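Residue numbers (this note's numbering), protein chains in the order written: chain A, 24 to 98; chain B, 150 to 1082. Written out below as structure tokens is the structure these notes cover.
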Amino acid sequence: MMANDIGAYFAGYPGHDQAVEGIANHLRNFWEPRMRRELVAYVANGGGDLKPLVREAVLTMARKSPAGSEDVGDG
Amino acid sequence: MRSRADSDFATPLRPGAPTVALEIDGRAVAVPEGTSVIRAAAQAGIHVPRLCATDSLEPFGSCRLCLVEIDGQRGYPASCTTPVRAGMKVRTESPALARLRRGVMELYISDHPLDCLTCPANGNCELQDMAGAVGLREVRYRDGGASHLHAQKDQSNPYFTFDPSKCIVCSRCVRACEEVQGTFALTIDGRGFSSVISPGQNGPFSASECVSCGACVQACPTATLMEKSVIELGQPEHSVVTTCGYCGVGCSFRAEMKGDLVARMVPNPDGHANHGHACVKGRFAWGYTTHPDRITRPMIRQSIDQPWREVSWRDAIEYAASEFKRIQQKYGRGAVGGITSSRCTNEETFLVQKLVRAAFGNNNVDTCARVCHSPTGYGLKTAFGTSATTQDFESVMQADVIMVIGANVTEGHPVFAARMKRRIRQGAKLIVVDPRVTEIVRLPHVDASHHLQIRPGTNVALINALAHVVVTERLTDEAFAAARCDPHEFAAWKKFVAEPRNSPESMAPVTGVPAASVRAAARMYAAAPNGAIYYGLGVTEHSQGSTMVLGIANLAMATGNIGRPGVGVNPLRGQNNVQGSCDMGSFPHELSGYRHISDEGVRASFDAAWGVRLDPEPGLRIPNMFDAALDGSFKGLYVQGEDVAQSEPNGQHVAAGLRAMECVVLQDLFLNETAKYAHVFLPGSSFLEKNGTFTNSERRISMVRKVAAPPAGKEDWEITCELAAALGYPMKYSHPSEIMDEIARLTPTFSGVSYQTLERLGSVQWPCNDSAPDGTSVMHVDRFVRGKGSFTITECVPTDERTSSEYPLILTTGRILSQYNVGTQTRRTLNAAMHAEDRLEIHPSDAELRGIRDGDWLRVRARHAETRLRALVTERVQPGVVYTTFHHPESRTNDLTTEHSDWATNCPEYKVTAVQVAPEARSAQARAAVAGA
């Protein structure tokens, strides 16, 4: 799962908070809103395959910046 | 023969030296010290007759035609090998010189066919010119004596002939092969009158080491080495300077024309990227542009199981637009997107992303750079502040240690490689990091000091090990790092790489590289006055591609190898306009000039210019588009100049995604593999049929000039404009220069770029703006674009693609010199014969284990797909690794490659796929055994 790959990179950062922020920022900057929404929904349903660090980052991202200020994914 | 349009000053320029004043034929002349007398004369407009001298080669002094008289000097020295001296007085004409030159010419012509009227060089032959220049009126020695007049013509090369009967043995071809190309395929065989030019071991060109770069053909002063196209068409009558449409070197060419037919392509001596050199693709492989397979009428079909139907442009454009509108109405604004091409111009690419953002109203635009250098974009932006090389190509000539990582330079970037080889022949040291023994590892006069033959997928482990040595052995440039980089990040990085787990000894079991070799290579790079890193897709096309780019940037900053000529981080881009397509805002998260779509100020400038309100959210990347198509939320795609069905990994997944879409609009030259899934085909224009610009690997923007009409009547930018208009968003330009003007208005790093600038300078490297009106050759000189250089922690995370007992071999993929990308162009040229099929390279020990012999047909099986390839048993690959190319669609190489991708950018991991290989017969037996059981 790609989110875990992102998490694996940022896990090397010196501090936990820095790693969480790094993951959240990356998702916000590079993932299209429908993908972010799916990820947030996945975490809301338990996020079973996601590493704890990534789950925390996804929740941080969802809290700070709701996915997509303008919805272009749905009809 | 070089182009008639280009001046030839007989010997190379000696720039930078103090000026020397002398007198030639009574004229005062001032030239740099070290300049030859013949060049000094040429610069003063005095043309001394010559045959063996040309300004692309060092002087040789063999033809004895350029003799001059010099006051105070005995005899008649050759002006090509005599350097100027202060106060020298030179005479280039006298009765004695005229007699000597006529005598020399008479001897040459005594052994030369007198068939000028039917000779293909007639009208552009230096021998003919010199006979006229020296006033040759008779030849006394033609009858009865020995001659070479009946020597057999060698026609074995597909693109040029070698006619030894016309050869004057001036050695220009031999020297061009050595000095310019560095292949050493030619030599002089025999002595005295018996001297002949010999390819390889006196065999035909096709059996020699010749790489068909054509440098010898260009250097030849007679018709001895002659393009077959000129033999067929005759001498060209006009020429146009343009830019090659193949690799990221971006060579400048003079397209020499007869009417609207290309007679030949001659590399431009004034070209800043190539300095008059070329490769087999750029110089010779342009025949695809007139291939009968070209589609010249727009076509549509309602579904992909129907045959194509030719329609008018208007019908095709209206149908495409109506389908996109229908899809957006039904499935949402985000249900469509576009893919720009690295083979198209900057202007065309800019327009496609503009269409997507402004007419589609979303940011679902991506480019084929996604699958090659997107990690470069991410990594270098993060570390330095901009997504591009730090240097120009010329910088390599000041490098003392050159580290080539994951780049097969002689195959992928042959013209730049020729320059790199020249620098190595001058004494620069070479370190190669590659799983294969690529050609650059060992060549005539090139011998890598270290070849770190890593296992595929272990780049980050290796770069960390190199950094470990640099840090723990105190080889860092502390002053540079303190002044130029973030101190906290530098300290954290040093602490990380110094951990024992990153030592070469700890990493040796991972990388497969002996620790001592890693230590020696690290010391060599760090100790070099100038250390330069060049890298290619062997770095980026990994699940840790971005991490590796960051690791390279860390190493360069830590050793102070940034910000001056001779050093730097140099990504070698694959296709001609990869850099440009990225610069132009083709990525879904960025506008032109690498500015994030969420930046309100930047967006506002585009909103105002385009009269729309841009979506602030990033759009879908290419792999996301196929995933979304299979999810049912993405239904329409506009693809300009890209064959995603053949070039993307996990081809069956891509095919399923394309099949799930309701409207795929393909704009291309040929019905490629993607066309099988397309509903609208819009016939595009080749690089010879349009105006625009390309940006090469060194950020160099060069003009592309139209030399022939597009067979379907429209340049690609015009097609995009018509589609946008049909979508209800008119984009009005009368010429691509107006598109560039818009790019310049909206992009700070391009604000000084215009067609006038390009005409004035020939080409320009961005940033080009008020601060750098003539462009920027070396970036980050006094400060990084982002301010302080950023060090990042590059933890080594193994790829999820693992070998197993069932899939014990790692397949890695790459390219070959004569073919280009998926072969759409080069397979439709005579290059096809040079690489008629993709072969699977396998080490002799792995072959023996499986009973595989060279040439056997093999089943190559990955976890999700299999294909057939023939074996090439070779020690170029290490045990446990197999390798192939992807130039032929029937090979289905990218059916095998996986969906694993770079964590940051989704760049596919083409370089690591676990496979099993077996001879076909054995597979049949195994199947029979299973069936029997």
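Beta carbons are placed, not taken as given, at the ideal position from N, Cα and C, and that holds for glycine. In this text, all values refer to a predicted model and were calculated from it rather than measured experimentally.
Interface flag, residue i vs chain B, CB-CB below 8 Å
i, result
"residue 75(A)", "no"
"residue 48(A)", "no"
"residue 60(A)", "no"
"residue 68(A)", "no"
"residue 57(A)", "yes"
"residue 84(A)", "no"
"residue 98(A)", "In this prediction, residue 98(A) scores a pLDDT of 31, lower than 50, which makes its location untrustworthy; no coordinate-derived value is stated."
Short CB-CB distance (under 8 Å) between residue i and chain A
i, result
"residue 1096(B)", "Outside the shown range of chain B, which is 150 to 1082, sits residue 1096(B), and nothing can be said about it."
"residue 749(B)", "no"
"residue 613(B)", "no"
"residue 942(B)", "yes"
"residue 408(B)", "no"
"residue 738(B)", "yes"
"residue 939(B)", "no"
"residue 536(B)", "no"
"residue 773(B)", "yes"
"residue 1058(B)", "no"
"residue 782(B)", "yes"
"residue 797(B)", "no"
"residue 328(B)", "no"
Proximal residues of chain A, C-beta to C-beta of residue i below 9 Å
i, result
"residue 946(B)", "28, 31, 32, 34 and 35"
"residue 161(B)", "The premise fails here: residue 161(B) is roughly 48 Å from chain A at the closest Cβ pair, so nothing lies under 9 Å."
"residue 472(B)", "Neighbours of residue 472(B) on chain A: none; closest Cβ ~16 Å, over 9 Å."
"residue 655(B)", "Simply none; closest approach about 16 Å."
Helix, strand or coil at residue i according to DSSP, with G and I counted as helix
i, result
"residue 656(B)", "helix"
"residue 618(B)", "helix"
"residue 346(B)", "strand"
"residue 92(A)", "Here the model assigns residue 92(A) a pLDDT of 38, short of 50, so the residue's position is not dependable and the matter cannot be decided."
"residue 67(A)", "helix"
"residue 799(B)", "coil"
"residue 516(B)", "strand"
"residue 531(B)", "helix"
"residue 176(B)", "strand"
"residue 407(B)", "strand"
"residue 122(B)", "Outside the displayed range of chain B (150 to 1082) lies residue 122(B), so it cannot be described from this structure."
"residue 740(B)", "strand"
"residue 928(B)", "coil"
"residue 218(B)", "strand"
"residue 182(B)", "coil"
"residue 703(B)", "helix"
"residue 841(B)", "strand"
Rounded separation between residue i and residue j - CA only
i, j, result
"residue 1042(B)", "residue 1033(B)", "8 Å"
"residue 255(B)", "residue 243(B)", "18 Å"
"residue 84(A)", "residue 1051(B)", "21 Å"
"residue 759(B)", "residue 793(B)", "29 Å"
"residue 534(B)", "residue 732(B)", "14 Å"
"residue 95(A)", "residue 829(B)", "Note that residue 95(A) scores a pLDDT of 37, beneath 50, so its modelled location is shaky; the value from the coordinates is reported in the next line. Roughly 25 Å between the two C-alpha positions."
"residue 862(B)", "residue 836(B)", "14 Å"
"residue 422(B)", "residue 1070(B)", "49 Å"
"residue 922(B)", "residue 959(B)", "49 Å"
"residue 419(B)", "residue 401(B)", "8 Å"
"residue 479(B)", "residue 811(B)", "11 Å"
Contact list for residue i against chain A, beta-carbon separation under 8 Å
i, result
"residue 759(B)", "Under the 8 Å cutoff, chain A gives no residues; its nearest Cβ is about 17 Å from residue 759(B)."
"residue 745(B)", "52"
"residue 1052(B)", "25, 28, 29, 31 and 32"
Interface residues of chain A facing residue i [CB-CB closer than 7 Å]
i, result
"residue 769(B)", "55"
Exercise for the section: Please name the residues in the region 638-653 of chain B whose beta-carbon is closer than 9 Å to at least one beta-carbon of chain A, in chain order. Expected result: 641, 644 and 645
Exercise for the section: Pull out every residue of the region 674-701 of chain B whose Cβ sits closer than 7 Å to any Cβ of chain A, in chain order. Expected result: 692 and 696
Practice task
Mind checking the region 854-883 of chain B against chain A and listing, in chain order, the residues whose C-beta falls within less than 9 Å of any C-beta there?
Solution key: none
Problem - Residues of the region 473-485 of chain B with Cβ closer than 9 Å to any Cβ of chain A, in chain order - result: Look at the region 473-485 of chain B: the residues with a C-beta under 9 Å from a C-beta of chain A are 477, 478, 479, 480, 481, 482, 483 and 484.
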